[in-house]
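This report refers to the structure that appears directly beneath it.
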Amino acid sequence: MEEFLNLINKRQSCRKYLDKHVEKEKLIKCIEAARLAPSACNSQPWHFVVVNNKELSPKVAMCLQDKVMNKFTTECPAFIIVVEEGGNLTSRTGALIKQQDYRSVDIGIAAEHICLAATEQNLGTCILGWFDEKKLKRLLNISKLKRIRLAIAIGYAADDNLRRKIRKDINEIATFL
Ligand SMILES: Cc1cc2nc3c(=O)[nH]c(=O)nc-3n(C[C@H](O)[C@H](O)[C@H](O)COP(=O)(O)O)c2cc1C
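1 is the number of the first residue of the sequence shown in the UniProt record's numbering; add one for each residue after it.
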């Protein structure tokens with residue numbers, strides 16, 4: 001358990017990256033971790049576009065930033081773009097009956113699997129929800145009909161120091177009955 005919590009503690013949003021190539025094998029391990037993630041009715045409603053390319057990565061970074069947000073992505077060597085897929089009939093029916101968006105939940109879980117797998121391999125990550133979706137779809141040739149739910153910046157952190165985690169107290173977020 002300690003090892004598991006240590007890994008969780010080690011993951012933090014990285015906003016400064018080294019100009020260092022990310023090995024493809026490490027990115028494959030991250031996708032393998034996402035592949036094993038649970039999802040509603042095992043529908044696996046995701047597709048991961050892995051960009052690890054000196055020409056394309058800066059273009060992706062431009063879609064992830066504006067004057068205020070996510071400027072740091074310019075320095076990031078790799079990205080995993082998470083595209084929402086249709087799910088399966090059972091999960092879609094369940095979502096309709098229960099009025100729940102399971103696909104976003106599933107994608108969130110898979111994204112954290114990616115981040116933890118990256119952390120375990122000494123890579124830094126930052127989940128990004130702020131991006132120009134239209135521009136990113138155009139750049140990566142992703143259908144207009146699909147949704148990009150998240151982007152994950154990934155690379156070697158320029159600073160390995162762990163920040164203190166600012167979180168609500170356990171009593172504030174959990175009720176034990
Ligand atoms: C769905 C989601 C979207 C996020 N979007 C951004 C973003 O666009 N830019 C950014 O710098 N951080 C983003 N973050 C990172 C959060 O700010 C960060 O996880 C939170 O402040 C806790 O800090 P930590 O990740 O270092 O523990 C996002 C995180 C999540 C889960």
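Idealized CB from N, CA, C, for every residue including glycine.
With respect to Ala33, Phe79 sits apart: the two C-beta atoms are not nearer than 7 Å. Bounds of the alpha helix (DSSP H) holding Gly94 are 89-98.
A direct Cα-Cα distance of roughly 15 Å separates Lys54 from Leu27. By a beta-carbon distance limit of 8 Å, Glu84 does not contact Tyr17. Their separation comes to about 26 Å. In the displayed model, Ile142 falls within coil according to three-state DSSP, outside both helix and strand.
Annotation: Cys30 to Glu23 spans about 11 Å, alpha carbon to alpha carbon.
If you draw a straight line from the Cα of Pro58 to the Cα of Glu172, it is about 41 Å long. In summary, His113 is buried, with 16 or more beta-carbon neighbours lying within 10 Å of its beta-carbon over all protein chains present. Annotation for Leu136 indicates a beta carbon at 6 Å or more from all heavy atoms of ligand 1. When DSSP reads this structure, Trp46 sits in a beta bridge with Glu84.
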